[in-house]
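Protein chains in written order, with our numbering: chain A, 1044 to 1428; chain B, 1044 to 1428.
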């Protein structure tokens, strides 16, 4: 079967942006098309990954507006929502549109505009994805993270500092990402002494509220070279998505991210790959603890051993398996619908050797995008052709 | 290529429902699986067509919750939003999931819960899909309908009564639909003397605010008979989607629904069919005028001639080309995310000969689902295998 290629990618500056969602999406869309030298006229499917433009901006129908703004009419449009995993779900939708033969050129743009709201307002929109009973009892995502972190540290004899080292590592990586929201290093003491948010997790264990957008352009591999030379595209060799219980406390083991296990299994099977083949990965570090859980769930490390890899520098940029070379959600920021797309943007740039100061040696990369507290996960494997 | 089959279908009662969206979706989901004798365990992709659960209920992440409620974990889930065309977009997403080989069994459930809001509140949520400038000037969808109806009547010398006859016809059809919100006939005088909403359109030219849900179950045709006998499934022989300008007044001719022209062209081409092959159709009669526009855009009648077909009884249930045998959005109701799914439900039932008192003679059916004021349209052609 003809594989699905990614021939263009883009990412706007993440942070506090003085622009509405439509403008952010249009920026990423235009830059993505330019990256591939493609015309908006050629786009026949346009997907927008976005969780909550209605709640954040009182604006819906954004994909139609974007098709209009980009000059891509009469391209088919659709909004893809899978809460904070909307970006990864958008990749799956785009992949399916090409793999099914429905589309010859699909543009995916993910984005969110959030910083005009207070942190409390934004958190409340995000918390609307939790089970109503959990929500009523105040169990927001940060409090789940605190509870899970406590359990993980206890269960696997991990030191509190190992979590902080995720933040230190990712901030260090973000320093070299011109698009990152926070381009500053933090040291262990700064993380360990920052204000408590959900004990044992502190302020620096959490990603920020962010505005931003990112884009990817997909086509059948057989026509990729009509747009770009062979060394300027990547292929989606594997992709999978899965869900876990909506009520988090119903899970057998809160330290096992079941949907990441299932979705990565499917992605590996499609790619004919295993965890050992992966050279670089972007994991959804909305909270530091999530990087441990995913690094184990996708099979990079044994259960309960993810923290050791961080302690030993295995996941550093110069380590054996660099994780979150982009700076991760932690330092890069987390504009919900954009995040999964921006993860794939980073892997794509790394595979093409275009990651600048963040460049690592790699041929196969993996991105894991998480919705809710592992409620839904999409895992994507990208490779050089 | 293996075609995509629909092996199960369901539709809840439409109207004012004392149930939340999750419950409505679960009801349609369970009934759809039961219709095919399929187990939730076998579902690997679950799509939810829904425009605005966040705005209407303060609840997001509904597809994850539904996978949980139905016992379909760890099925991949995603919400499909294309405003009031979310149902048709869900059919396209489900089709792509099967046609791409990603899924062996995809459940699509569309639904919306709206009636707990006032009409003004609900209209405001829907109006958030319009262009911000049009919105600020008060150009809601009903006012677009009024403006367009006036133009149509003037341009094509159509009598005002022809619009009213759409309402009369569809209410008559809805009388025999046990799921319809309004099961009552209305006569021409009732429509013509009802309160003016957007001159020349009156109350009975508009669909109501509705709660409800509908489901469809998709698989590759090659395995359809593992679930049901050959005479109990249909195939999606053609499908297409397209957009038109987001700013309605930028269109060359407001009486031509460009996205319906484009999307039906694509659907006909895929099916190897033309308008003359269609025996029964469901068109998106959110406003009576839209039935005229779509009946012309999808090629059933020449431009400006759709009103004559209604006057002459061509689109009556016993006419040459019955349109909206279900009662249409006008009498059946319009729970946004459910409507496109429910259109296909009606065509599916008609093709299987299971439409009860509404049954017409047919082998090929078409459904046209419209978002905004023709901003985005998905057209689906279903056939007997």
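Think of the CB as a built atom: it goes at the ideal place given N, C-alpha and C, for glycine as much as any other residue.
The structure displayed is predicted, hence computed values, not measured ones.
Please state whether DSSP places residue i in a helix, a strand or coil.
i: residue 1369(A); result: coil
i: residue 1412(A); result: strand
i: residue 1309(A); result: helix
i: residue 1270(A); result: coil
i: residue 1249(A); result: strand
i: residue 1233(B); result: helix
i: residue 1061(B); result: coil
i: residue 1072(B); result: helix
i: residue 1193(B); result: helix
i: residue 1279(A); result: strand
i: residue 1355(B); result: coil
i: residue 1124(B); result: strand
i: residue 1097(B); result: helix
i: residue 1084(B); result: helix
i: residue 1331(B); result: helix
i: residue 1133(A); result: helix
i: residue 1240(A); result: strand
i: residue 1349(A); result: helix
i: residue 1115(B); result: coil
i: residue 1053(A); result: strand
Just the chain B side, please: which residues come within less than 8 Å of residue i by C-beta, in chain order?
i: residue 1300(A); result: What residue 1300(A) touches in chain B: nothing, since even the nearest Cβ is about 11 Å away.
i: residue 1175(A); result: 1102
i: residue 1415(A); result: 1104 and 1107
Since residue i and residue j are thought to touch, with beta carbons under 8 Å apart, how far apart are those beta carbons, to the nearest angstrom?
i: residue 1203(A); j: residue 1175(A); result: That belief does not hold up - the Cβ atoms of residue 1203(A) and residue 1175(A) are roughly 32 Å apart, past 8 Å.
i: residue 1408(B); j: residue 1394(B); result: 6 Å
i: residue 1360(B); j: residue 1403(B); result: 6 Å
i: residue 1457(A); j: residue 1168(A); result: There is no way to answer for residue 1457(A), as the model of chain A reaches only from 1044 to 1428.
i: residue 1130(B); j: residue 1381(B); result: 6 Å
i: residue 1235(A); j: residue 1417(A); result: With a Cβ gap of about 26 Å, residue 1235(A) and residue 1417(A) do not count as contacting.
Can you give me the Cβ contacts of residue i inside the same chain, cut-off strictly under 6 Å, excluding the 5 residues immediately before and after it?
i: residue 1294(B); result: 1288
i: residue 1219(B); result: 1400 and 1401
i: residue 1324(B); result: 1366 and 1409
i: residue 1214(A); result: 1228, 1229 and 1374
i: residue 1135(B); result: 1282, 1284 and 1421
i: residue 1334(A); result: 1209, 1326 and 1328
Run through chain B and tell me which residues come within less than 7 Å of residue i, C-beta to C-beta.
i: residue 1098(A); result: 1097 and 1098
i: residue 1311(A); result: In chain order: nothing, as chain B lies at least about 15 Å away.
Please decide whether residue i counts as near chain A, where near means a Cβ-Cβ distance under 8 Å.
i: residue 1123(B); result: yes
i: residue 1422(B); result: no
i: residue 1149(B); result: no
i: residue 1287(B); result: yes
i: residue 1118(B); result: yes
i: residue 1126(B); result: yes
Who are the neighbours of residue i on chain A, taking C-beta pairs under 7 Å?
i: residue 1172(B); result: 1103 and 1104
i: residue 1140(B); result: 1139
i: residue 1251(B); result: Those do not exist, as residue 1251(B) stays about 20 Å from chain A at its closest Cβ, beyond 7 Å.
Quick check: is the beta carbon of residue i nearer than 8 Å to any beta carbon in chain B?
i: residue 1094(A); result: yes
i: residue 1404(A); result: no
i: residue 1144(A); result: yes
i: residue 1159(A); result: no
i: residue 1132(A); result: yes
Is there a Cβ of chain D sitting closer than 8 Å to that of residue i, yes or no?
i: residue 1107(B); result: Absent from the structure: chain D. Protein chains present are A and B.
By Cβ distance below 8 Å, which residues in the same chain neighbour residue i in space, the five residues on each side in sequence not counted?
i: residue 1308(B); result: 1283
i: residue 1419(A); result: 1125, 1126, 1128, 1132, 1284, 1285, 1286, 1287, 1302 and 1413
i: residue 1377(A); result: 1127, 1250, 1251, 1252, 1253 and 1329
i: residue 1147(A); result: 1085, 1087, 1141, 1262, 1263 and 1266
i: residue 1364(A); result: 1321, 1322, 1323, 1324, 1343, 1352, 1357 and 1358
i: residue 1406(A); result: 1322, 1394, 1426 and 1427
What residues from chain A crowd round residue i, counting only those whose CB sits closer than 8 Å?
i: residue 1418(B); result: 1104 and 1107
i: residue 1111(B); result: 1286, 1288, 1289 and 1290
i: residue 1136(B); result: 1121, 1136 and 1139
Anything in chain B within Cβ reach of residue i, meaning under 9 Å, just list it in chain order.
i: residue 1303(A); result: Those within 9 Å of residue 1303(A) in chain B number zero; the least Cβ separation is about 10 Å.
Output needed for residue i: all residues of its chain with C-beta closer than 7 Å, excluding positions within five of it in sequence on either side, in chain order.
i: residue 1162(A); result: 1252
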